[in-house]
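These notes are about the structure you will find just below.
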Amino acid sequence: AAAGALERLLKNVDEISRYCRPTTTILNTNTEQMNIIHPTPRIKALSNAQRLRKVIFELVETEKSYVQDMQRLLERYIEPLRDDSKLLPTDAIESLYVSVKSIHQLQQTFLKRLESNIPTEILAYNAIHEFRDILVSIADTFLSYSQYFKLYSTFCAMHLRINRLLDIHQNNQHLKEFLAARNPRHQHSLSFESYLIKPVQRILKYPLLIQQMLAFSNSNETNSNEPLLSLEIMKLKQAIKMMNDIGEYMNGMQQLYEDFGQSFEYITKSYSEEHNKVYIKFNIFTFINEYNQFSNCLRLCPFVRY
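Residue 66 in the working numbering sits at position 64 of the sequence shown; the count goes up by one each step and never skips.
Given below as structure tokens:
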């Protein structure tokens, strides 16, 4: 019921957007005068409360699209790749599958949590202070998921490896036919590469959206007699810092793969061939996963200093 109510709320975003559509104009070069074609009534610019509501709706609506994109990535590309070992190395595809599947499951629960933060009466809010509970809930949602977002560090390293493999196998006719069959119109937005970059884009988009919420909520419309750092402002700032820290952490893990990833792969493959064993599972992605768990343990154990 709550999800249905939120769905109806999101449909009103377009109606809100109509308030800020620009007037269409054309310049008459002969008379050097501006002629107005089909003028529309001048409407007052959106208030910060309206802008804030619009950003909140954008966060939830784009999150829904992102979850759907991850489902399409799994169904359209990764799962079929798992079924055909002639396309790309099976260990790489299996690691990619585990990573994307984990992200998809994470974002499904994250989306439900976000949706639960939005009350049905949000469309009636006309003042910034009315959004306080929503903003605190959204910020708390991001903060509570911080340890889980480290899943993206594994994906970022895997993303580099898959792109490298696609370059190596670019002349593989079987792979070409496979990719073409799943994107017959050759639309870039539906390509394998386009879907693969979406998790990176999404995790980097979060702090920008939260920053917009902070900007609109920390405006002149707020009561000047209130504390400069209200609870929602402090929470939003914490969420922004946390998401930026995660972005830096992802960059570090990505650099780790760039520096040592191929060496890990070479060593493990050589060891397996030398000892006539199946390609052992430990690789750079296993290391990153183990490091994520170790760093989480350090964060959760206050008696450990690092």
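No residue lacks a Cβ here, since even glycine has one placed at the ideal position from N, Cα and C.
Please read these numbers as outputs of a predicted model, since none were measured by experiment.
Runs of 4 residues minimum, wholly inside the region 59 to 113: which ones carry the alpha helix (DSSP H) assignment?
Note on the region 59 to 113: whole alpha helix (DSSP H) runs with a minimum of 4 residues are 81 to 84, in chain order.
To the nearest angstrom, how far is it from the Cα of residue 75 to the Cα of residue 85?
Counting from 1 along the sequence shown, the entry for residue 75 is found at position 73. Counting from 1 along the sequence shown, the entry for residue 85 is found at position 83. Their Cα atoms are separated by approximately 15 Å.
Neighbourhood of residue 289 by C-beta, 6 Å cutoff - its chain only, sequence neighbours within 5 removed
Position 287 of the sequence shown, counting from 1, holds the residue named residue 289. A caution first: residue 289 carries a pLDDT of 46, below 50, which makes its placement in the model unreliable, though a value can still be read off. Contacts found: none.
Express the C-alpha separation of residue 146 and residue 114 in angstroms, rounding to a whole number.
The residue you call residue 114 lines up with position 112 of the sequence shown. The residue you call residue 146 lines up with position 144 of the sequence shown. When rounded, the distance between both Cα atoms is 14 Å.
Quick test of your reading: residue 98 and residue 150, contact by CB under 8 Å. State the CB separation rounded to the nearest angstrom.
Stepping through the sequence shown from its first residue, residue 98 is reached at position 96. Stepping through the sequence shown from its first residue, residue 150 is reached at position 148. About 19 Å separates the Cβ atoms of residue 98 and residue 150, ruling out a contact at the 8 Å cut-off.
Rounded Cβ spacing between residue 238 and residue 255 (contact assumed at less than 8 Å)
Against the sequence shown, residue 238 aligns to sequence position 236. Against the sequence shown, residue 255 aligns to sequence position 253. Going by Cβ atoms, the distance from residue 238 to residue 255 rounds to 26 Å, so no, they are not a contact pair.
To the nearest angstrom, how far is it from the Cα of residue 94 to the Cα of residue 186?
Locating residue 94 in the sequence shown gives position 92, counting from the first residue. Locating residue 186 in the sequence shown gives position 184, counting from the first residue. C-alpha separation (whole angstroms): 25 Å.
What are the uninterrupted segments assigned as alpha helix (DSSP H) that are 4 or more residues long and contained completely in the region 172 to 247, given in chain order?
Along the length of the region 172 to 247, whole alpha helix (DSSP H) runs at least 4 residues long occupy 175 to 183, 194 to 219, reported in chain order.
Going straight from the alpha carbon of residue 59 to that of residue 91, what length do you get?
As a first step, residue 59 is located in the sequence shown; it is residue number 57 there, counting from the start. As a first step, residue 91 is located in the sequence shown; it is residue number 89 there, counting from the start. Using only the alpha carbons, I get a separation of about 41 Å.
From residue 96 to residue 129, what distance separates their C-alpha atoms?
Reading the sequence shown from its first residue, position 94 is the one you call residue 96. Reading the sequence shown from its first residue, position 127 is the one you call residue 129. Taking the straight line joining both Cα atoms gives about 50 Å.
Please report how far the alpha carbon of residue 318 lies from the alpha carbon of residue 138, in whole angstroms.
Nothing can be reported for residue 318, as the shown portion of the chain is limited to 3 through 308.
Please check the pair residue 252 and residue 154, which I expect to be a contact at CB under 8 Å, by giving their CB distance rounded to whole angstroms.
Against the sequence shown, residue 252 aligns to sequence position 250. Against the sequence shown, residue 154 aligns to sequence position 152. Yes, residue 252 and residue 154 are in contact; Cβ-Cβ is about 6 Å, under 8 Å.
Same chain, Cβ closer than 6 Å to residue 144, neighbours up to 5 away in sequence not counted:
In the sequence shown, residue 144 corresponds to position 142, counting from 1. Result list for residue 144: 241, in chain order.
In angstroms with no decimal places, state the Cα-to-Cα distance between residue 174 and residue 211.
Taking the sequence shown and counting its residues from 1, one reaches residue 174 at position 172. Taking the sequence shown and counting its residues from 1, one reaches residue 211 at position 209. Their Cα atoms are separated by approximately 41 Å.
Limits of the alpha helix (DSSP H) - the one that residue 119 falls within
The residue labelled residue 119 in the question sits at position 117 within the sequence shown. Careful: residue 119 lies outside any alpha helix (DSSP H) and carries neither H nor E.
What would DSSP say about residue 49, mapped onto helix, strand or coil?
Locating residue 49 in the sequence shown gives position 47, where the first residue counts as 1. Taken through DSSP and simplified to helix, strand or coil, residue 49 comes out as coil.
From what residue to what residue does the alpha helix (DSSP H) around residue 165 run?
Taking the first residue of the sequence shown as position 1, residue 165 is located at position 163. Start and end: 153 to 170.
With H, G and I counted as helix, E and B as strand and the rest as coil, what does DSSP make of residue 128?
As a first step, residue 128 is located in the sequence shown; it is residue number 126 there, counting from the start. Residue state, collapsed to three classes: coil.
Compute the beta-carbon to beta-carbon distance between residue 62 and residue 110, rounded to the nearest angstrom, for a pair I have assumed lies under 8 Å.
The residue labelled residue 62 in the question sits at position 60 within the sequence shown. The residue labelled residue 110 in the question sits at position 108 within the sequence shown. The Cβ separation is near 13 Å, so there is no contact.
For residue 141, collect the residues of the same chain with a Cβ closer than 6 Å to its Cβ; drop the 5 residues on either side in sequence, then sort them by chain order.
In the sequence shown, the residue the question calls residue 141 occupies position 139. Scanning its chain for C-beta atoms nearer than 6 Å, with the 5 sequence neighbours on each side dropped, one finds around residue 141 the residues 237, 238, 241, in chain order.
According to DSSP, simplified to helix, strand and coil, what is residue 257?
The residue given as residue 257 occupies position 255 in the sequence shown. Correct three-state label for residue 257: helix.
Relative to the C-alpha of residue 164, which candidate in 102, 106, 206, 135 has its C-alpha closest?
Within the sequence shown, residue 164 is the residue found at index 162, counting from 1. Taking only the C-alpha atoms, the option nearest residue 164 is 102.
For the putative contact between residue 342 and residue 71, defined by C-beta atoms under 8 Å, what is the C-beta separation to the nearest angstrom?
Since the first residue of the chain shown is 3 and the last is 308, residue 342 is not available in this structure.
Can you name the start and end residues of the alpha helix (DSSP H) that residue 133 belongs to?
Along the sequence shown, read from residue 1 onward, the residue named residue 133 stands at position 131. Neither: residue 133 is in no alpha helix (DSSP H) and is coded neither H nor E.
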